[in-house]
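The numbering used here puts the first residue of the sequence shown at 20, with every later residue one more than the last.
Ideal Cβ positions, reconstructed from N, Cα and C, are used throughout, including at glycine.
Some notes on the structure that comes next.
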Amino acid sequence: MAALDGLPPLRDVIQRHGLDARKALGQNFLLDLNLTQKVARTAGSLEGATVFEVGPGPGGLTRAILALGAAKVIAVERDARCLPALAEVADHYPGRLEVIEGDALKTDFAALAPDGPVKIIANLPYNVGTQLLINWLLPAQWPPFWQSLTLMFQKEVGQRIVAQEDDDHYGRLGVLCGWRAEARMAFDVSPQAFTPPPKVTSTVVHLTPKENPIPCAVDKLEKVTQAAFGQRRKMLRQSLKPLGGEALLIKADIDPQRRAETLSVEEFCRLANCL
Ligand code: SAM
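The following block contains the structure:
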């Protein structure tokens, strides 16, 4: 399709720079600039914001973020083959796109954050997406450096992020997200929207940080959720045995016969605080 920003269509960019998709890097590219704009718009107004993007690839989502008025995009890309294509985007938007070649898992995003508002927008590589989300959610310092996260995941991961108690998808990820953020699924994206198409449907998730999450130590919350959901079909008095079992549950005023998936985020925090 013709590009609205005066830059060449993404299909041409990919062909010219020989960017055949690599599975090991989770490369499923979005070539429809209407769709990348829809993803970027989910983050709300970008005017004056700095946007961190993980994995810009050939630059489809990056171009949408810039066209929607972000003051600056700082993008971390692991695949050096993409850098010349991204340099063309940087030339088109002078001073507004900085590309860092590197591994997002090893990037200290907080240290890169400027004083103003920061939004994170990414079509994440499926193999590192969940870990990146956890890294952004669990810093010791809260509120975090970011104002919102707008992230594309496999739909099943999106369902786990927004899940609440008594939901089949509820688990450790749902508790950690529910503790510190308001999370919602914005819209689904079919496999055919990507090149090459992945096996499953994707979904865009939008998260904003809670101003006052229930006070609770991150490491203790991780411990109880890991133990409880490690054996999710068992009663908590059994699954939490290594952490104190029945005595711990009674101290937290929780029926020892309940199962992990029935506990609210608030009850998990109570358990963590009793450890
Ligand atoms: N943003 C592009 C789009 O929407 O078309 C590409 C998205 S593709 C799903 C994921 C991108 O993340 C690829 O460009 C890949 O090279 C990059 N990537 C994979 N692992 C990475 C990592 N650990 N750190 C930074 N980028 C990574």
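Proximity test, Q46 beta-carbon vs the ligand SAM heavy atom, cut-off 6 Å: Here residue 46 refers to the residue found at position 27 when the sequence shown is read from its first residue. It does: the Cβ of Q46 is within 6 Å (strictly closer) of some heavy atom of the ligand SAM.
Run of the alpha helix (DSSP H) containing I153, from where it starts to where it stops: Sequence index remark: in the sequence shown, residue 153 carries index 134 (1-based). Start and end: 148-156.
Top-ranked residue by Cα proximity to L170, from R60, K242, F287: The count along the sequence shown starts at 1 and reaches residue 170 at position 151. Among R60, K242, F287, the Cα nearest to that of L170 belongs to R60.
For I140, the first and last residue of its enclosing beta strand (DSSP E): Counting from 1 along the sequence shown, the entry for residue 140 is found at position 121. 137-142 is the extent of the beta strand (DSSP E) around I140.
E230 burial status per 10 Å Cβ neighbour count (16 or more: buried): Taking the first residue of the sequence shown as position 1, residue 230 is located at position 211. Result: exposed.
Delimiting residues of the beta strand (DSSP E) encompassing T69: In the sequence shown, counting from the first residue as 1, residue 69 sits at position 50. Segment 69-73, the beta strand (DSSP E) holding T69.
Residues bridged to T222 (per DSSP): Position 203 of the sequence shown, counted from the first residue, corresponds to residue 222. F172, D207.
Own chain partners of L87 with C-beta closer than 6 Å, once the 5 adjacent residues on each side are dropped: By one-based count along the sequence shown, residue 87 stands at place 68. A59, L65.
Extent of the continuous beta strand (DSSP E) to which E285 belongs: Counted from its first residue, the sequence shown places residue 285 at position 266. Looking at the DSSP string, E285 is not in any beta strand (DSSP E); the run it does join, the alpha helix (DSSP H), is 284-293.
Proximal residues to L23 (C-beta, below 8 Å), its chain only, five neighbours per side dropped: For the purposes of this step, residue 23 is identified with residue 4 of the sequence shown, where counting begins at 1. Answer for L23: L52, A86, listed in chain order.
A123 Cβ short of 6 Å to the ligand SAM heavy atom set: Here the question's residue 123 lines up with position 104 in the sequence shown. Answer for A123: yes, Cβ within range of the ligand SAM.
6 Å CB neighbourhood of L290 in its chain, flanking five on each side removed: Position 271 of the sequence shown, counted from the start, is the residue given in the question as residue 290. Counting only Cβ-Cβ distances below 6 Å, and skipping sequence neighbours, we find V243, A271.
Identity of the residue in A200, G193, V208, A99 nearest L44 by Cα: For this step, residue 44 is matched to residue 25 along the sequence shown. Answer by Cα proximity: A99.
7 Å CB neighbourhood of A200 in its chain, flanking five on each side removed: Taking the sequence shown and counting its residues from 1, one reaches residue 200 at position 181. Only L156, L226, T227, P228, K229 meet the Cβ criterion.
DSSP-derived helix/strand/coil call for A21: Residue numbering aside, residue 21 sits at position 2 when the sequence shown is read from its first letter. Its pLDDT being 49, under 50, A21 is placed unreliably by the model, and nothing is read from it.
Between the CA atoms of E280 and D274 - distance to the nearest angstrom: Here residue 274 is taken as the residue at index 255 of the sequence shown, counted from 1. Here residue 280 is taken as the residue at index 261 of the sequence shown, counted from 1. So the alpha carbons of these two residues sit roughly 13 Å apart.
Whole-Å CB distance - I153 paired with L195, under 8 Å assumed: The residue given as residue 153 occupies position 134 in the sequence shown. The residue given as residue 195 occupies position 176 in the sequence shown. Rounded, the Cβ-Cβ distance is 7 Å, consistent with contact.
C-beta atoms of A68 and A89 nearer than 7 Å: The count along the sequence shown starts at 1 and reaches residue 68 at position 49. The count along the sequence shown starts at 1 and reaches residue 89 at position 70. The answer is yes: Cβ separation under 7 Å.
Counted within 10 angstroms of its Cβ, other Cβ atoms place L124 as buried (16 or more) or exposed: The residue given as residue 124 occupies position 105 in the sequence shown. With fewer than 16 other Cβ atoms within 10 Å, it is exposed.
Cβ-Cβ distance between E107 and G74 below 7 Å: Working through the sequence shown from its first residue, we reach residue 107 at position 88. Working through the sequence shown from its first residue, we reach residue 74 at position 55. Against a cut-off of 7 Å, the Cβ pair of G74 and E107 comes out as no contact.
Q245 beta carbon less than 7 Å from that of S258: Residue mapping note: residue 258 aligns to position 239 of the sequence shown, counting from 1. Residue mapping note: residue 245 aligns to position 226 of the sequence shown, counting from 1. Not closer than 7 Å, so no.
Beta-carbon spacing of V223, A202 below 7 Å: In the sequence shown, residue 223 corresponds to position 204, counting from 1. In the sequence shown, residue 202 corresponds to position 183, counting from 1. Not closer than 7 Å, so no.
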